[in-house]
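To start, the structure itself, in structure tokens.
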């Protein structure tokens, strides 16, 4: 023990500032320090005491045997200071309940490693470059700031990257992944997932299952993988890969894929009698009220009528105002001819 412990207690809060190797029993709590440079081990045998932890000459916090009643929030018992660099919750040493646990480390400004296990857990990471690995259950995790890695397992997980260049991995169920801002990488995994890139140049991989991929803004790459997928590129110059299965490529506004090459999307693997291009969200005639459908004219030249849709030299384009010029265009790699049955108009 290098320095005696300083203990301050109040009516409802007990604070322990520890250094060196110390073992304390206060009520039903046990607190251990593994040494000034190794960090702290905290053992909680039962609920009832609030502990505020501040590392002294240490940069690691390891929690063991954390036990809570169903639905209890970890923040009700621990306040983690921002000079703790590493937080580890390991199944062999730490566990919540089989119901729902809440871990809020949003005030920690350094890099964190957070692990949870069974139960429907909620994790709020901090401002560093964090790694969050979730266990089984319907979990929710937010990376907040930093370049984070969030990973789910079995259960319907919801992963939110926040700011930064994040990597999000779903698991073995119907997951929802949202990258937020930054250049993010999202991988849905198995089952029917929903992936939202957000702002930035994102990469979305649906994996197996019938997935829905939304690029939003930025120059994104969307790959549906296997299954019946729906791909929404959004604004920006996107690359759309349906993968195996019956896929649908959706364009909701003319600005989703511009006539100019700078903002034009490319579909790399369109297949007749299998995939579809959905243009129902685009008004084919902006001079008329309502939302009009397109008329497919094959490789003919525009006649000056609004609502004509043409495919020529690997480019699908449409005239929405009747001026004889394309108002949007989509590249289709390896496609030489298209038919009216290829579209939802």
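Residue numbers (the working numbering): 20 to 364. Heads up, the beta-carbon is just placed ideally off N, CA and C, and yes, glycines get one too.
Candidates 163, 282, 142 and 271: closest to residue 128 by CA position
Among 163, 282, 142 and 271, the Cα nearest to that of residue 128 is on 163.
With a threshold of 6 Å on Cβ separation, who are the neighbours of residue 235 within its own chain once the five nearest residues in sequence on each side are excluded?
Residues of the same chain with a CB within less than 6 Å of the CB of residue 235, apart from the 5 flanking positions on each side, are 216, 217 and 253 in chain order.
Local conformation of residue 39 per DSSP, three classes:
Reliability of the predicted coordinates at residue 39 is poor, the pLDDT of 29 falling under 50, and no value is obtained from them.
Give the straight-line distance between the Cα atoms of residue 353 and residue 176, rounded to the nearest whole angstrom.
Residue 353 and residue 176: Cα-Cα distance of roughly 37 Å.
Going by DSSP, what residues sit across from residue 327 in a beta bridge?
Paired residues: 314 and 338.
Just to confirm, is the Cβ distance from residue 242 to residue 228 under 8 Å?
No, the Cβ-Cβ distance between residue 242 and residue 228 is not below 8 Å.
Taking 8 Å as the threshold (C-beta atoms), are residue 276 and residue 283 in contact?
Taking a C-beta distance under 8 Å as the contact criterion, residue 283 and residue 276 qualify as a contact pair.
Best match in 154, 219 and 211 for proximity to residue 183 [C-alpha to C-alpha]
Of the listed residues, the one whose Cα sits closest to residue 183 is 219.
Could you tell me the alpha carbon to alpha carbon distance between residue 255 and residue 280, rounded to whole angstroms?
Answer to the nearest angstrom: the Cα atoms are 10 Å apart.
List the residues that DSSP assigns as beta-bridge partners of residue 13.
Absent from the structure is residue 13, since the part of the chain shown begins at 20 and ends at 364.
Quick check on the burial criterion: 16 or more other C-beta atoms within 10 angstroms. Buried or exposed for residue 138?
Buried is the call here.
Give the secondary structure of residue 149 by DSSP, where H, G and I count as helix, E and B as strand, and everything else as coil.
Under the three-state reduction of DSSP, residue 149 is assigned to coil, being neither helix nor strand.
Quick one: grab the DSSP three-state call for residue 46.
Bear in mind that a pLDDT of 37 at residue 46, under 50, signals an unreliable position, so the number given afterwards is only what the model happens to contain. Coil at residue 46, not helix or strand.
What is the DSSP secondary structure of residue 123, reduced to helix, strand or coil?
In the structure shown, residue 123 adopts extended strand secondary structure according to DSSP, grouped into three states.
Helix, strand or coil, according to DSSP, for residue 354 in the structure here?
Coil at residue 354, not helix or strand.
Under 8 Å by Cβ, that's how I've got residue 240 and residue 213 pegged, so tell me the actual separation to the nearest angstrom.
With 8 Å as the limit, residue 240 and residue 213 do not qualify as a contact, their Cβ atoms being about 17 Å apart.
What are the boundary residues of the beta strand (DSSP E) that includes residue 286?
Under the DSSP assignment, residue 286 falls in the beta strand (DSSP E) whose first and last residues are 284-286.
Per DSSP, what are the beta-bridge partners of residue 195 in this structure?
Looking at the DSSP output, residue 195 bridges to 177 and 213.
Can you check whether the CB of residue 154 is closer than 8 Å to the CB of residue 131?
Contact flag unset, no.
Throw me the rounded Cβ distance for the residue 207 and residue 224 pair, which I believe falls under 8 Å.
A Cβ-Cβ distance of about 7 Å is found for the pair residue 207 and residue 224, placing them in contact under the 8 Å criterion.
Candidates 345, 156, 181 and 244: which alpha carbon is nearest residue 149's?
Nearest to residue 149 by C-alpha distance, out of 345, 156, 181 and 244, is 181.
According to DSSP, what are the bridge partners of residue 297?
According to DSSP, which records beta bridges pairwise, residue 297 is partnered with 269 and 363.
Using the beta-carbon count (16 or more within 10 Å), is residue 160 buried or exposed?
With 16 or more Cβ atoms within 10 Å of its Cβ, residue 160 is classed as buried.
Does the distance from the CB of residue 316 to the CB of residue 335 come in under 8 Å?
Not a contact, by the Cβ cut-off of 8 Å.
DSSP puts residue 222 in a beta bridge; with which residues?
Bridge pairing for residue 222: 204 and 240 [DSSP].
Taking the straight line between their C-alpha atoms, what separation do you get for residue 124 and residue 263?
Their Cα atoms are separated by approximately 40 Å.
Go ahead and label residue 320 buried or exposed: buried means 16 or more other beta carbons lie within 10 angstroms of its beta carbon, across all protein chains shown.
That one is exposed.
So residue 231 is in the beta strand (DSSP E); what residue range does that whole segment cover?
Element bounds for residue 231: 231-233.
Does the Cβ of residue 363 have 16 or more other Cβ atoms within 10 Å, making it buried, or fewer, making it exposed?
Classification of residue 363: exposed, given that the 10 Å Cβ count is below 16.
Beta-carbon proximity of residue 167 to residue 135, cut-off 8 Å
Residue 135 sits away from residue 167, with the two beta carbons spaced by 8 Å or more.
Using the Cα positions of residue 337 and residue 285, report the straight-line distance between them to the nearest angstrom.
Distance between the alpha carbons of residue 337 and residue 285: 15 Å.
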